[in-house]
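Order-wise, the sequence lines are chains G and E. Counting in this note's numbering, the first sequence runs from 1 upward without gaps. Counting in this note's numbering, the second sequence runs from 1001 upward without gaps. Think of the CB as a built atom: it goes at the ideal place given N, C-alpha and C, for glycine as much as any other residue. Values in this document were obtained by computation on a predicted structure and should not be read as measured data. Each remark here refers to the structure printed beneath this line.
Protein chains: 2
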Amino acid sequence: MALYGGIEAGGTKFVCAAATGPGDIRAQVRIPTTTPKETLGAAIGFFRSLGLPLDAVGISCFGPLDLRDASPTWGYITTTPKPGWQNVDVAQRIAHALATPVAIDTDVNGAALAEQRWGAGQGLDDLVYLTVGTGIGGGAIVNGAPVHGLMHPEMGHMRIPHDRAIDPFDGNCPFHGDCLEGLASGHSLQERWGVPAEELPADHVAWEIEARHLAHGIVGITTVLSPQRVIVGGSVMKREQLFPLIRREALALLNGYLQVSAILDGIDTYIAPPALGDQAGVLGAIALAEAALNQIA
Amino acid sequence: MALYGGIEAGGTKFVCAAATGPGDIRAQVRIPTTTPKETLGAAIGFFRSLGLPLDAVGISCFGPLDLRDASPTWGYITTTPKPGWQNVDVAQRIAHALATPVAIDTDVNGAALAEQRWGAGQGLDDLVYLTVGTGIGGGAIVNGAPVHGLMHPEMGHMRIPHDRAIDPFDGNCPFHGDCLEGLASGHSLQERWGVPAEELPADHVAWEIEARHLAHGIVGITTVLSPQRVIVGGSVMKREQLFPLIRREALALLNGYLQVSAILDGIDTYIAPPALGDQAGVLGAIALAEAALNQIA
Chain G
1 MALYGGIEAG GTKFVCAAAT GPGDIRAQVR IPTTTPKETL GAAIGFFRSL
51 GLPLDAVGIS CFGPLDLRDA SPTWGYITTT PKPGWQNVDV AQRIAHALAT
101 PVAIDTDVNG AALAEQRWGA GQGLDDLVYL TVGTGIGGGA IVNGAPVHGL
151 MHPEMGHMRI PHDRAIDPFD GNCPFHGDCL EGLASGHSLQ ERWGVPAEEL
201 PADHVAWEIE ARHLAHGIVG ITTVLSPQRV IVGGSVMKRE QLFPLIRREA
251 LALLNGYLQV SAILDGIDTY IAPPALGDQA GVLGAIALAE AALNQIA
Chain E
1001 MALYGGIEAG GTKFVCAAAT GPGDIRAQVR IPTTTPKETL GAAIGFFRSL
1051 GLPLDAVGIS CFGPLDLRDA SPTWGYITTT PKPGWQNVDV AQRIAHALAT
1101 PVAIDTDVNG AALAEQRWGA GQGLDDLVYL TVGTGIGGGA IVNGAPVHGL
1151 MHPEMGHMRI PHDRAIDPFD GNCPFHGDCL EGLASGHSLQ ERWGVPAEEL
1201 PADHVAWEIE ARHLAHGIVG ITTVLSPQRV IVGGSVMKRE QLFPLIRREA
1251 LALLNGYLQV SAILDGIDTY IAPPALGDQA GVLGAIALAE AALNQIA
């Protein structure tokens, strides 16, 4: 049985684990994200300290990332706003230090892969994982493999219709103002309403507006990518009342155009919560390692 | 050298061809689209009359289509508004009549494949072909293969921001009003301005508005799918002045967020006209046949 290393590389913490799969995590550690040298050094130190040979390491990483196979800067974080982390080699450094095959992908592609492998997307070849947290991002699996393309999807920056009669907020994306992230991220909710999203009462009008924005995003994803399921996770989605509201709005927006029973009769599973909870991040990294090893084998 | 049959199955005409590739079309016929029995019968008759053994037949077809491999109605046109063509078996009937392996896909996926194989997308694994004609549709190649997912993309029905101060037209999509197709298709232009698009003068304000709508669509596609190129064809795009306008608007909408040289320095090739012209449709069908044969082999 193969042993995998997984690194969930986030902007505030790195979670590292060694596991054969989701039911068998042998060791796990949480490292604060400080400088690349310190944080990557601690991650490498953790895996070395285990004294176990790893068959592959997967890295589920904040971005943007260079994922072009042939690129000399493959596996680098590129233009992130996070101070000190621009143009930082992550994957090549880990591969060299641990002398192991390494796979790297966006955190959302990792989560999509983990949900497909062990969670809410089992048996599906085409799915999207959308996270609605401080920011908004989306990962996609098409024909069984993660989507990279030119770079990787940046679904949070989709432009959506913005009815200012319903929501006069200008949006707070520094690049686009009222893109999906600018209108519907946790950061946007906090700026708009003056309190963190988790403090907004359940009957606050914010949730109807939020559901409408997110439904617009999901309808955009559905028309462009035609996934078999859209899994929606992230801290904002812990407010589970959002799901029925989003589903209702998405059906209204589609207005019967897509005559498929998975949507018309199955909207409760078409727009679904994730199944892996807080472990999705590190399991995404493990799933990437597993996929990398399968590709080599 | 394999000989392929290709059927470009459109709402007004079927174009059938036998070819080994784009430079070697051995026979071609154009059949008006009347009833399924008559039109499909004529197509089958054409191929039989050649007296040549075909290695595979590809069908690039108007939709929506059932493309699920395991479905008993695989290869059927499903809920089209075209009278007489709902729930019509196309692919299975052709396969049976010609005793040949058959591939079927949407007309836009076929065009995407043809442009990738022989046209404006050569060497790319991830691209989108968007057609702006009477309606608007998009096909996508991801990791080298056409995207189907739940059904197939329906990019024309993406919702886009609609600034009524610039464009007060309500849109004319019977399902969604002001979706991309409702605002920017040839049919919409005609309803909006009272003349066919090709009669609008080059300096008409319609083109600035059209470019803005199409840029919104392309930016939506870019954020969701991250293609390496978006090829934009169809009758409306014969107005080539649209390309520089669309490129300018797309760059303005992205506002430097995607720091990739293919967009920042290469927008003229990122948003590109097709290279195959009026042959794209039937060559798409030939490309589908070729892909089907390669998959078998």
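The beta carbon of VAL108(G) sits no closer than 8 Å to any beta carbon of chain E.
Under the three-state reduction of DSSP, ARG1030(E) is assigned to strand.
The contact set of HIS213(G) on chain E, defined by CB atoms closer than 8 Å, is empty, because the minimum CB distance reaches about 11 Å.
Distance between ALA262(G) and ALA1250(E), taken at the CA atoms: about 33 Å. Under the DSSP definition of a beta bridge, THR80(G) lacks any partner.
Per DSSP, the unbroken beta strand (DSSP E) holding PHE14(G) starts and ends at 13-21. Taking CYS1173(E) as reference, the option from THR35(G), ARG212(G), LEU254(G), PRO153(G) with the minimal CA-CA separation is LEU254(G). Following the DSSP letters along the chain, one finds ILE1218(E) inside the alpha helix (DSSP H) bounded by residues 1205-1225. Rounded to whole angstroms, PRO274(G) and GLN295(G) show a C-alpha spacing of 26 Å. Residue-level contact by beta carbon holds for GLY1220(E) and chain G, with a gap shorter than 8 Å. Contacts with chain G at 8 Å (Cβ-Cβ) do not include LEU1052(E). Of the other Cβ atoms in all chains shown, 16 or more fall within 10 Å of the Cβ of VAL1224(E); this residue is therefore buried.
With respect to GLY58(G), ALA202(G) sits apart: the two C-beta atoms are not nearer than 8 Å. Exclusion of the five residues before and after ALA1211(E) leaves LEU1242, LEU1245, ILE1246, ARG1248, GLU1249 as the residues of its chain whose Cβ lies within less than 8 Å of its Cβ. ARG1239(E) carries a coil assignment under DSSP once its states are collapsed to helix, strand and coil.
In the displayed model, PRO1053(E) falls within coil according to three-state DSSP, outside both helix and strand. GLU240(G) has its alpha-carbon roughly 26 Å from the corresponding atom of ALA9(G).
In the DSSP annotation of this structure, the continuous segment of the alpha helix (DSSP H) that includes GLU1181(E) starts and ends at 1180-1184. Using a CB distance cut-off of 8 Å, ARG1159(E) counts as an interface residue toward chain G. Between SER226(G) and chain E, the shortest Cβ-Cβ separation is below 8 Å.
Within the region 58-89 of chain G, contact with chain E at the beta-carbon level (separation under 9 Å) is assigned to PRO64, THR78, THR79. Per the DSSP secondary-structure output, ARG248(G) pairs with nothing in a beta bridge. Restricting attention to TRP193(G), PRO101(G), LYS238(G), the CA atom closest to the CA of GLY75(G) is found in PRO101(G). With three or more CB-CB distances shorter than 8 Å, the region 1135-1151 of chain E counts as touching the region 1112-1127 of chain E. Proximity of GLY133(G) to chain E, defined by a Cβ-Cβ separation below 8 Å, is not satisfied.
The beta-carbon of PHE1047(E) is placed no less than 8 Å from the nearest beta-carbon of chain G. For THR79(G) against GLN1259(E), the beta-carbon gap comes to about 4 Å, under 8 Å, which counts as contact. The C-beta of GLN86(G) has fewer than 16 other C-beta atoms within 10 Å across all chains shown, which makes the residue exposed. DSSP places ARG229(G) in the strand class (E or B) of the three-state scheme.
Straight through space, the alpha carbons of VAL29(G) and GLY284(G) are spaced by roughly 16 Å. Straight through space, the alpha carbons of ALA1019(E) and ARG1026(E) are spaced by roughly 5 Å. At a cut-off of 8 Å, the C-beta of VAL260(G) has a neighbouring C-beta in chain E. Counting C-beta atoms within 10 angstroms of its own C-beta, ILE1209(E) has 16 or more neighbours from the protein chains shown and is therefore classed as buried.
Less than 8 Å separates the beta-carbon of ASP170(G) from that of ASP178(G). At a Cβ-Cβ threshold of 8 Å, GLY149(G) and GLN1228(E) count as neighbours. Residues of chain E whose Cβ lies closer than 9 Å to the Cβ of HIS162(G) are, in chain order, PRO1161.
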